[in-house]
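A.B. asks:
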Amino acid sequence: MEKLVIEGGKPLSGTIRIHGAKNAALPIMAAALLAEGRHTIGNVPDLLDIHVMLDILRELGCKADLSGDTVTVDTTSVSSSHIPEDLMRQMRSSVFLMGPLLARFGKVQLYQPGGCAIGERKINLHLQGLQALGAVVEETGSTIVCWANRLTGADVVLDFPSVGATENIMMAAVKAEGTTTIYNAAREPEIVDLQNFLIAMGARIIGAGTDTITIEGVSELQPCEYRVIPDRIVTGTFMVAAAATRGSVTLEKVNPAHLTSVTHVLKRAGVQIAVDGDIIHVSCHSRPKSLDRVVTAPHPGFPTDLQSQIMVFLSLADGVSVIKETIFEGRFKHVDELSRMGADIRVDLSSALVRGVPRLYGATVEATDLRAGAALVIAGLAARGTTVVEQVHHIDRGYDRIEAMLSSLGARISRESASYTRKTLLS
Ligand code: UD1
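Following this note's numbering, the numbering of the sequence shown begins with 7 at its first residue and continues without gaps.
Structure representation (structure tokens):
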């Protein structure tokens with residue numbers, strides 16, 4: 007087990023390039039199964055979840071590799087549509103393989119991904135969508151088997167604009183007979199990226215980025231070359247880190263249009279943000295203003311994946327802020343850890359009342375999940391004294407060597423093994 011050791015109190019300063027989006031790359035890698043042949047996918051981050059997806063693709067019979075930031079997937083010799091339980095349990099995103107495997111082989115066997123630290127995370131909407139296209143779903147214990155002699159286009163109305171369900175249904179529908187329309191679809195930029203990848207393979211889809219997506223099934227798709235969008239959550243995390251440390255940071259290779267709500271919230275809190283093409287410059291030189299209401303919502307609302315990070319920032323604000331979490335019921339696990347660092351936060355069901363304090367203090371804290379971990383790193387950077395963030399493997403699922411990126415901005419951060427025998431001081 008590794009931990010991050012942070013000497014706080016140093017404003018971040020400098021320029022970094024943001025890596026590609028994990029949440030776009032994962033469904034795109036799964037979608038590669040839809041076409042026989044060799045795909046090349048660029049701007050893929052070197053993250054734990056990407057490696058789990060590569061392992062699953064290999065297990066299914068693909069040749070799959072990551073070299074630099076490029077994934078190649080050759081799906082010619084896929085021999086199985088059974089996702090092994092141990093790999094399924096390592097990453098919830100393995101559910102993305104359901105739609106493509108069903109579309110290509112007419113059958114898929116997988117396992118309930120189960121709950122996780124941030125909430126129950128059901129897959130009923132995925133299954134209902136696939137059933138609407140004609141799939142039969144059989145659930146026995148934790149095993150799920152879906153099959154369909156043929157998939158047929160249908161109208162699918164989602165009760166909630168689930169990102170994963172929208173993606174799974176899109177991937178199944180591209181090879182279905184006839185037209186599928188998804189109503190109340192998720193509008194996240196990653197859905198647009200998946201649409202663009204599917205179109206590059208020869209699919210006929212319009213509407214991603216709106217709440218109605220229409221897919222006309224085609225019989226054949228071809229492998230293609232594609233480049234994944236920048237990671238908006240990593241971008242947002244570094245924007246908040248720059249602001250929380252009262253620093254001045256330039257983020258390159260980003261898409262500012264994906265971050266409108268985040269920019270809006272940070273500006274309201276007094277952060278200076280300038281946009282120039284694919285560059286965002288963030289600086290903050292005074293104590294943040296409190297915000298009476300930050301509410302997480304499906305895109306284009308404020309992302310739940312940045313809720314814990316913005317909470318750290320507002321815990322240092324001048325006044326009282328309210329943060330409401332509407333997407334995941336269990337997403338306040340970072341609050342107890344932040345309290346250990348001197349934050350004053352009270353949680354009532356899905357709302358957090360954040361009373362700003364003048365400063366946070368270093369402590370030993372535990373990353374309970376990916377984004378909570380990123381938030382604790384920001385807290386450590388802004389705090390006085392030394393912070394140790396344990397369970398770093400959660401953070402490694404979404405940030406490609408976070409300590410290297412931060413140390414290039416002047417942060418005093420190092421990764422240590424639990425036994426303290428291996429130490430990589432980066433600054
Ligand atoms: C994706 C992102 C995740 C992000 C989330 C919300 C990936 C790999 N992950 O997760 O980082 O936090 O979107 O922006 O892209 N729900 C159901 N039934 C379902 C599916 C979802 O009830 O079948 C509920 C979930 O429990 C949750 C809400 O819908 O409360 C949102 O989930 P969803 O949009 O599906 O998130 P993911 O695709 O899992």
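Idealized CB from N, CA, C, for every residue including glycine.
1. Cutting at 7 Å between CB atoms, please list the residues of its own chain near V255, excluding the five before and the five after it.
2. Verify the contact flag: K128, CB atom, against every heavy atom of the ligand UD1, threshold strictly below 7 Å.
3. Please go through the same chain and pick out, in chain order, the residues whose beta-carbon is closer than 6 Å to the beta-carbon of I150, but skip the five residues on each side of it.
4. Excluding five sequence neighbours on each side, which residues of the same chain lie with their C-beta closer than 7 Å to the C-beta of H434?
5. Which residue or residues does DSSP assign as beta-bridge partners of K9?
6. Give the secondary structure of F102 by DSSP, where H, G and I count as helix, E and B as strand, and everything else as coil.
7. Kindly confirm or deny that the stretch 336 to 354 and the stretch 205 to 221 touch, where touching means at least three C-beta pairs closer than 8 Å.
8. State buried or exposed for A6, treating a residue as buried only when at least 16 other CB atoms are found within 10 Å of its CB.
9. If G48 and D75 are in contact, beta carbons under 8 Å, what's the gap, nearest whole angstrom?
10. Considering only the beta carbon of each residue, do V240 and H25 sit closer than 8 Å?
11. From this set, Q96, E258, G386 and V341, which residue's C-alpha is nearest R418's C-alpha?
12. Just list the residues that DSSP pairs S83 with in beta bridges.
13. Taking only three categories from DSSP, how would you classify S267?
14. By DSSP's criteria, K113 is part of a beta bridge. Which residues make up the other side?
15. For the stretch 335 to 348 and the stretch 371 to 378, state whether three or more C-beta atom pairs, one from each stretch, are separated by less than 8 Å.
16. What whole-angstrom Cβ distance do V162 and I197 have, given they're in contact under 8 Å?
17. Cutting at 7 Å between CB atoms, please list the residues of its own chain near G112, excluding the five before and the five after it.
18. Could you compute how far the alpha carbon of T393 sits from the alpha carbon of Y367?
19. Using CA atoms only, rank isn't needed, just tell me which of L93, R252, A70 and L139 is closest to T82.
20. With a floor of 3 residues, list each beta strand (DSSP E) that falls wholly inside the stretch 209 to 287, ordered by position along the chain.
21. Starting from the C-beta of D199, find all residues in its chain whose C-beta is less than 8 Å away, skip the five residues before and the five after it, and write them out in chain order.
22. Measure the alpha-carbon distance for H270 versus P306 and round it to whole angstroms.
23. Between T185 and T146, how many whole angstroms is the CB-CB distance? I'm expecting something under 8 Å.
24. Taking the alpha-carbon positions, what's the D80 to M177 distance?
25. Alpha carbon to alpha carbon, how far is V114 from L108? Give it in angstroms, no decimals.
26. Quick one: Cα of L344 to Cα of V318, how far?
27. Pair every Cβ in the stretch 225 to 234 with every Cβ in the stretch 293 to 304, then say whether three or more of these pairs are closer than 8 Å.
28. Starting from the N-terminal side, write out each stretch of the beta strand (DSSP E) that is 3 residues or longer and does not extend beyond the stretch 281 to 353.
29. In the DSSP output, what is I47 paired with across the bridge?
30. What residues in its chain sit with their C-beta under 8 Å from that of P309, if we drop five residues either side in the sequence?
31. Count the other CB atoms, across all protein chains shown, that sit within 10 Å of the CB of V142; report buried if there are 16 or more and exposed otherwise.
32. Leaving out five residues before and five after L320 in sequence, what residues of the same chain have Cβ atoms less than 8 Å from its Cβ?
33. What do you get for M347, buried or exposed, if any count of 16 or more other CB atoms within 10 angstroms of its CB means buried?
C.D. replies: Concretely, from the data shown:
1. Taking the first residue of the sequence shown as 1, we reach residue 255 at position 249. Contacts found: L18, S19, G20, F244, A248, V288 and L415.
2. As a first step, residue 128 must be located in the sequence shown, where it is residue number 122. Checking every heavy atom of the ligand UD1 against the Cβ of K128, one is found closer than 7 Å.
3. In the sequence shown, counting from the first residue as 1, residue 150 sits at position 144. Hits under 6 Å: L116.
4. The shown model of the chain, from 7 to 433, leaves out residue 434, and the question about it has no answer.
5. Locating residue 9 in the sequence shown gives position 3, counting from the first residue. K9 pairs with E422.
6. Within the sequence shown, numbered from 1, the residue matching residue 102 stands at position 96. Three-state DSSP puts F102 in a helix.
7. Segment contact: the stretch 336 to 354 against the stretch 205 to 221, fewer than three CB-CB distances shorter than 8 Å; contact not assigned.
8. No answer is possible for residue 6: it lies beyond the span of the chain, which begins at 7 and ends at 433.
9. Numbered from 1 along the sequence shown, position 42 holds the residue referred to as residue 48. Numbered from 1 along the sequence shown, position 69 holds the residue referred to as residue 75. At roughly 6 Å, the Cβ-Cβ gap stays under 8 Å, so G48 and D75 are in contact.
10. As a working note, residue 240 is residue 234 in the sequence shown. As a working note, residue 25 is residue 19 in the sequence shown. For V240 and H25, yes; Cβs fall inside 8 Å.
11. Walking along the sequence shown from the start, residue 418 turns up at place 412. That would be G386, whose Cα lies nearest to the Cα of R418.
12. Taking the first residue of the sequence shown as position 1, residue 83 is located at position 77. DSSP lists no beta-bridge partner residue for S83.
13. Locating residue 267 in the sequence shown gives position 261, where the first residue counts as 1. S267: helix per DSSP, three-state reduction.
14. As a working note, residue 113 is residue 107 in the sequence shown. The bridge partners DSSP lists for K113 are W153.
15. Yes, the stretch 335 to 348 is in contact with the stretch 371 to 378.
16. Counted from its first residue, the sequence shown places residue 162 at position 156. Counted from its first residue, the sequence shown places residue 197 at position 191. At roughly 14 Å, the Cβ-Cβ gap does not stay under 8 Å, so V162 and I197 are not in contact.
17. Along the sequence shown, read from residue 1 onward, the residue named residue 112 stands at position 106. So the list reads W153, A154 and N155, once near-sequence residues are dropped.
18. As a working note, residue 393 is residue 387 in the sequence shown. As a working note, residue 367 is residue 361 in the sequence shown. One C-alpha to the other measures close to 8 Å.
19. For the purposes of this step, residue 82 is taken as residue 76 along the sequence shown, with counting starting at 1. Minimum Cα distance to T82 is reached at A70.
20. Taking only runs of at least 3 residues, the beta strand (DSSP E) segments lying wholly in the stretch 209 to 287 are 210 to 212, 218 to 222, 231 to 233, 254 to 258 and 278 to 282.
21. Residue numbering aside, residue 199 sits at position 193 when the sequence shown is read from its first letter. Within the same chain, D199 has close Cβ partners A27, A30, I34, V234 and I235.
22. Counted from its first residue, the sequence shown places residue 270 at position 264. Counted from its first residue, the sequence shown places residue 306 at position 300. Going from the Cα of H270 to the Cα of P306 covers about 12 Å.
23. As a first step, residue 185 must be located in the sequence shown, where it is residue number 179. As a first step, residue 146 must be located in the sequence shown, where it is residue number 140. The beta-carbon distance between T185 and T146, rounded to whole angstroms, is 33 Å. This is too long to meet the 8 Å contact definition.
24. Numbered from 1 along the sequence shown, position 74 holds the residue referred to as residue 80. Numbered from 1 along the sequence shown, position 171 holds the residue referred to as residue 177. The alpha-carbon atoms of D80 and M177 are separated by roughly 18 Å.
25. In the sequence shown, counting from the first residue as 1, residue 108 sits at position 102. In the sequence shown, counting from the first residue as 1, residue 114 sits at position 108. Whole-angstrom Cα-Cα distance: 6 Å.
26. For the purposes of this step, residue 344 is identified with residue 338 of the sequence shown, where counting begins at 1. For the purposes of this step, residue 318 is identified with residue 312 of the sequence shown, where counting begins at 1. Rounded to whole angstroms, L344 to V318 spans 8 Å at the Cα level.
27. Taking one beta carbon from each stretch, the stretch 225 to 234 and the stretch 293 to 304 have fewer than 3 pairs nearer than 8 Å; the two do not touch.
28. Counting whole runs of 3 or more residues, the stretch 281 to 353 contains the beta strand (DSSP E) stretches 285 to 289 and 326 to 330.
29. Along the sequence shown, read from residue 1 onward, the residue named residue 47 stands at position 41. Paired residue(s): V77 and Y232.
30. Against the sequence shown, residue 309 aligns to sequence position 303. Non-local beta-carbon contacts of P309 in its own chain, meaning distances under 8 Å to residues more than five positions away in sequence, involve R238, I239, G242, S267, V268 and T302 in chain order.
31. By one-based count along the sequence shown, residue 142 stands at place 136. By the neighbour-count rule (16 or more Cβ atoms within 10 Å), V142 is not buried but exposed.
32. As a first step, residue 320 is located in the sequence shown; it is residue number 314 there, counting from the start. Excluding its 5 nearest sequence neighbours in each direction, L320 has C-beta neighbours in its own chain below 8 Å: A275, P294, S296, L297, V300, S327, I329, V360 and G362, listed in chain order.
33. Along the sequence shown, one-based indexing puts residue 347 at 341. Buried is the label assigned to M347, since at least 16 other Cβ atoms lie within 10 Å of its Cβ.
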